[in-house]
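Residue 257 is where the sequence shown starts when you use our numbering, and the numbers rise one by one after that.
All C-beta atoms, glycine included, are put in the ideal place defined by N, C-alpha and C.
Computed from a predicted model, the values in this text were never measured in an experiment.
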Amino acid sequence: MEIIGLELSDAGILAAGGGPPRLFQVDGRSVESPGYALQLKKQLLIGGEAFEQSRIHPRQTNNRFWSQLSTHPLSEKTATVSSYAEIAFRQIEKIRNEIGVPVAEWIPAVPGFMDESKLGILLGIFRELEVSVKGFVSSAVAAVRPTGANGSLVHVDTHLHRIEITRCSQGDRIEVEQTQVIPDGGWHDLSELLANRLANEFVRATRFDPLHDAQIEQQLYSRLARLLRKRLSEDGEPLELKTGKTAHTLSVLPQMLIDAGAAIRDRVVEGVRNILSSLPAGETVSCIQLSHRAALVPGLFDALSPAEFGLVETLPVGSAALGAVALAAEFSEEEGSKGASFLTGRIRRNDESDAEIPVPNQGANPPAMGVPTHVLSGSNAHAIGRNSLGIFADPRSGVICVGAVGEGGHAVIRLAKGKPVIEPDSGRKTWVDGRHILAPVPLLLGQRIRIDGSTGEILLIHVESGDGA
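Here you go:
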């Protein structure tokens with residue numbers, strides 16, 4: 257029985273648990289389950305399955321059941337569910353079944369737009385699953401990592417229909433001080449802008465309009481979602497759409513996405529400016545930390561220029577889910593009959609070093625299930641297998657990335673006798689958990705890797721298969 261931390265974002269729900277904490281696959285092979293539901297006759301599809309058909313069946317698709325969570329009856333007569341709350345229940349139920357381990361307690365990390373009434377409904381959903389909620393925690397509080405410098409932390413997140421910017425004080429405790437929610441500016445709107453731009457580019461380059469056919473439109477949106485999680489080269493990334501036996505290809509340049517997403521990016525930047533302008537007298541910000549979702553907004557990292565905004569970092573995927581698990585001891589053991597505690601602050605633990613997320617290192621003799629299986633870089637999980645992985649700095653953004661060995665120059669991750677090791681380049685500096693390495697070393701679960709000349713870090717994780725193996 258495990259305590260499960262749940263990162264509740266309608267852009268993608270993540271779950272973590274175990275010791276050391278690890279992310280679970282919650283939607284097929286994915287560690288994220290988007291907040292989409294699709295009603296097909298007597299069948300309700302949830303998460304990734306629903307998203308992959310959302311453009312084919314737009315009238316039967318719902319992606320607002322989390323943002324508008326309520327128990328009000330649905331008007332659709334053919335629905336197999338009675339309310340948005342029941343759809344949310346179905347998604348959490350599916351996630352519980354997907355992670356493949358018995359759940360002792362939940363710790364949901366929730367965004368700031370979830371008010372008291374929505375939290376009450378959410379508590380009822382978990383009770384219907386017959387698993388208790390240890391407590392709720394602010395997503396920002398669970399996700400942020402303290403820095404050694406004085407000043408507040410600013411957490412930036414992009415959900416499906418909202419942008420959320422949270423300022424947290426840091427010291428002996430990390431506390432939420434201010435939250436700004438910007439409606440109608442999340443991933444849904446961003447995807448619409450980018451898809452329309454790419455459709456126009458297809459028309460310009462090939463005279464083919466992918467938005468005139470629902471099946472092709474779905475291909476565009478599905479491939480766009482994957483494209484945003486890749487590092488695009490300046491020469492472009494090929495995007496192929498198929499109509500029968502005919503393939504239409506467009507070279508997607510980074511600037512296309514940067515230009516198309518300007519409206520959303522500008523809203524995020526203006527929101528951060530608003531937070532900074534409302535700082536109390538004498539208060540400063542030591543770091544702006546982007547969730548993995550926010551970091552995928554094209555051009556956002558560069559738009560938050562150091563000259564104006566100071567240090568900007570990208571948090572690893574699932575930081576709030578992983579952080580929620582680490583906060584289990586902060587909740588009272590006394591089980592209340594009417595509700596659950598909600599943490600808007602937490603103690604800075606003695607084992608939590610500066611600028612590191614709360615994922616403890618594995619011991620010297622990790623169990624078999626604790627062997628790293630994947631490397632998390634930004635929003636991408638790279639399997640550690642027969643092909644070695646190169647670690648390098650994105651030449652445009654300076655963010656640490658993982659790719660083919662030929663693309664890297666700082667270090668290589670490979671398997672040696674079935675276990676992952678990292679080999680540093682002699683001319684570059686590589687750190688594992690803050691330790692500068694000069695020779696090949698074995699890698700353990702939960703360790704973090706940084707390289708010189710880059711921002712951010714990559715994380716060694718163990719991804720559970722659906723049967724918990």
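- If one requires a minimum length of 4 residues, the alpha helix (DSSP H) runs lying completely within the segment 292-327 are 304-307, in chain order.
- In this structure, Val627 and Leu645 do not form a Cβ contact; the two beta carbons are roughly 16 Å apart against a cut-off of 8 Å.
- Leu262: not part of any alpha helix (DSSP H); member of the beta strand (DSSP E) spanning Glu258 to Glu263, first to last residue.
- In this chain, the alpha helix (DSSP H) harbouring Pro562 covers Pro562 to Phe565.
- In the structure shown, Glu490 adopts coil according to DSSP, grouped into three states.
- The residue from Ala470, Arg479 and Phe382 with its alpha-carbon nearest to that of Glu349 is Phe382.
- Excluding sequence positions up to five before and after Gly274, its CB lies within less than 7 Å of the CB of Glu258, all in the same chain and listed in chain order.
- Looking at Leu446, Leu409 and Ile363, the one whose alpha-carbon comes closest to that of Val389 is Ile363.
- With 16 or more neighbouring CB atoms inside 10 Å of its own CB, Leu325 falls in the buried class.
- Under the three-pair Cβ rule at 8 Å, the segment 540-551 does not count as touching the segment 500-514.
- In the structure shown, the three-state DSSP call for Pro466 is helix.
- Fully contained in the segment 363-419 are the following beta strand (DSSP E) runs of length 3 or more, in chain order: 392-394 and 408-414.
- For the pair Gly527 and Ile438, the CB atoms are nearer than the 8 Å cut-off.
- In the three-state reduction of the DSSP assignment, Glu586 falls in the helix class.
- Secondary structure of Asn636 (DSSP, three-state): strand.
- Measuring C-alpha to C-alpha distances from His417 to each of Leu454, Val393 and Met370 identifies Met370 as the nearest.
- Contact between Leu599 and Leu583 holds, with the beta-carbon distance rounding to 7 Å and staying under 8 Å.
- Annotated as distal: Val282 and Glu332, with beta-carbon spacing of 8 Å or more.
- Phe557: not part of any beta strand (DSSP E); member of the alpha helix (DSSP H) spanning Leu556 to Ala559, first to last residue.
- The Cβ atoms of Asp681 and Ala660 do not sit closer than 8 Å to each other.
- Shown here, His504 sits in a strand according to DSSP, grouped into three states.
- The criterion of a C-beta distance shorter than 8 Å is satisfied by Ile514 and Pro554.
- Secondary structure note for Glu354: it is in no beta strand (DSSP E), and the uninterrupted alpha helix (DSSP H) holding it is Tyr340 to Ile355.
- A distance below 8 Å separates the beta carbons of Ile312 and Gln471.
- Secondary structure note for Gln426: it is in no alpha helix (DSSP H), with a DSSP letter that is neither H nor E.
- Distance from the CA atom of Leu262 to the CA atom of Cys424, rounded to whole angstroms, is 20 Å.
- Leu671 sits in a strand when the DSSP states are folded into three classes.
- When the Cα atoms are used, Leu716 and Ile640 turn out to be separated by approximately 10 Å.
- In the DSSP assignment, Ile520 forms no beta bridge with any residue.
- Residue pairing from DSSP places Leu546 in a beta bridge opposite Val412 and Thr570.
- The beta-carbon distance between Lys498 and Gln475, rounded to whole angstroms, is 7 Å. This is short enough to meet the 8 Å contact definition.
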